[in-house]
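Protein chains in written order, with the numbering used here: chain A, 1 to 102; chain B, 103 to 321. Ideal placement from N, C-alpha and C gives every residue a C-beta, glycine not left out. These numbers come from a predicted model, not from an experiment. Notes follow once the structure below has been shown.
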Amino acid sequence: MNPLASLSPDDRALLRRRLRTPVLTFLALLGLLAVNVTLGATLPFAHVWAVELAVVGLMVAIILLVSMEVRKEPPLIRLFACLGFFWVCILIGMTLTDFLAR
Amino acid sequence: MSEGLAEGVGVARVHHFETVAQQREATTLGIWAWLITELLLFSALFLVALITRITHPEATVAAARHLKFWIGATNTVVLICSSLTMSMAIAFSRMGWQRAMVRAMLATAALGSLFLVLKGYEYYADYEEHMMPFLSGRPFALAETPAARLFVNLYYVATVLHAVHLLTGIALLLGMTWMAAKAGFLSRHQNWIEVYGLYWHFIDLVWILAFPILYVVNR
Chain A
1 MNPLASLSPD DRALLRRRLR TPVLTFLALL GLLAVNVTLG ATLPFAHVWA VELAVVGLMV
61 AIILLVSMEV RKEPPLIRLF ACLGFFWVCI LIGMTLTDFL AR
Chain B
103 MSEGLAEGVG VARVHHFETV AQQREATTLG IWAWLITELL LFSALFLVAL ITRITHPEAT
163 VAAARHLKFW IGATNTVVLI CSSLTMSMAI AFSRMGWQRA MVRAMLATAA LGSLFLVLKG
223 YEYYADYEEH MMPFLSGRPF ALAETPAARL FVNLYYVATV LHAVHLLTGI ALLLGMTWMA
283 AKAGFLSRHQ NWIEVYGLYW HFIDLVWILA FPILYVVNR
């Protein structure tokens, strides 16, 4: 049984409009994961980890901005979300500065 | 941020807020404040994994080769699918389509459970391969490279902590689905679905970070 069969044309249009962003986000995340899995499975060149981490950064940005809707939130919530990642940058940056500079 | 709410869908204002908009913003801000503390917790674990890789590259690679790469990749797909169903539940809640919302929530819980089943199988395979260095009665497969023990222990701490978050999330989701199936829920508590959605997407985000940091970059 097709659950969409009982929907009116207006409802179908509404459904298409509301689910467009989640479905495109889903496809983008799957595509980026496929890139990382392919790179991880084949290891095509040295320092491939840099590309893999860049892809992960893109996936995280998509989840934050689109799935978690940070881009649509009021300024105070956007500030909170940005501050969280700012603290993570301090945590990782300061620590790696020490280890990478030895 | 809620947008385009259907007629009859909304939030019942509680007395200590002046407006529904203020109540919605305070609720979202509250969950974000908590998610940031969680982000810092997991970030510290991932940072230690990177440091282990920098300071003990050979041992880390040897340990990471024992991780079940394809189960990890499959689990990432499962969680990305669950993020889609959660986003659908949020969209349906805004549209006022209660039955579709409940089904999307159940699908999310089912995908979360599938993740845990696959993770459990992965742990079982690790047990069979003697890759549990914290078990005193079972010799560690990489005992000749002590630094591998560091990475494997860290792997378990990070993934078990994530699994606990996921298990808690599934329990909360099922409880909320039970409440959300009742008449009138969407006219009084629609933002619960949005707030919970933030938590679920965050669990997904943590695994999106965990999979490459633990499984992929160390190969």
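T247 of chain B: not part of any alpha helix (DSSP H); DSSP gives it neither H nor E. Residue environment: H117 of chain B is assigned as exposed (fewer than 16 neighbouring CB atoms within 10 Å of its CB, all protein chains considered).
Selection B:A164, B:S184, B:Y258 evaluated against L208 of chain B yields B:S184 as nearest (Cα-Cα). For H291 of chain B, the beta-bridge partners assigned by DSSP are B:V113. The beta carbon of Y257 of chain B sits closer than 6 Å to those of L316, all from its chain and outside the five residues before and after it, given in chain order. In this structure, the beta-carbon distance from F242 of chain B to A161 of chain B does not fall below 8 Å. Rounded to whole angstroms, the gap between the alpha carbons of P22 of chain A and P9 of chain A is 21 Å. The beta carbon of F86 of chain A does not come within 8 Å of any beta carbon belonging to chain B, so the residue lies off that interface. Sixteen is the threshold: when 16 or more other Cβ atoms of the shown chains lie within 10 Å of the Cβ of K221 of chain B, as they do, the residue is buried. About 4 Å separates the Cβ atoms of A250 of chain B and A165 of chain B, confirming a contact at the 8 Å cut-off.
Collapsing the DSSP output to three states places T261 of chain B in a helix. The residue among B:L288, B:N320, B:L300 with its C-alpha nearest the C-alpha of A114 of chain B is B:L288.
Comparing C-alpha distances from A285 of chain B to each of B:M234, B:P248, B:W199, B:L169 shows the shortest one belongs to B:W199. In this structure, the beta-carbon distance from T187 of chain B to L218 of chain B does not fall below 8 Å. For chain A, the residues of the stretch 137 to 171 of chain B that bring a beta carbon within less than 8 Å of one of its beta carbons are L137, I138, L141, L142, S145, A146, L149, L152, I153, I156, T157, F171, in chain order. Put simply, the CB of L274 of chain B is far from chain A, with every gap to its CB atoms at 8 Å or more. A distance below 8 Å separates the beta carbons of I92 of chain A and L149 of chain B. Residue-level contact check: A13 of chain A does not touch chain B, since none of the beta carbons of chain B fall below 8 Å from its beta carbon. The Cβ of S67 of chain A sits closer than 8 Å to at least one Cβ of chain B.
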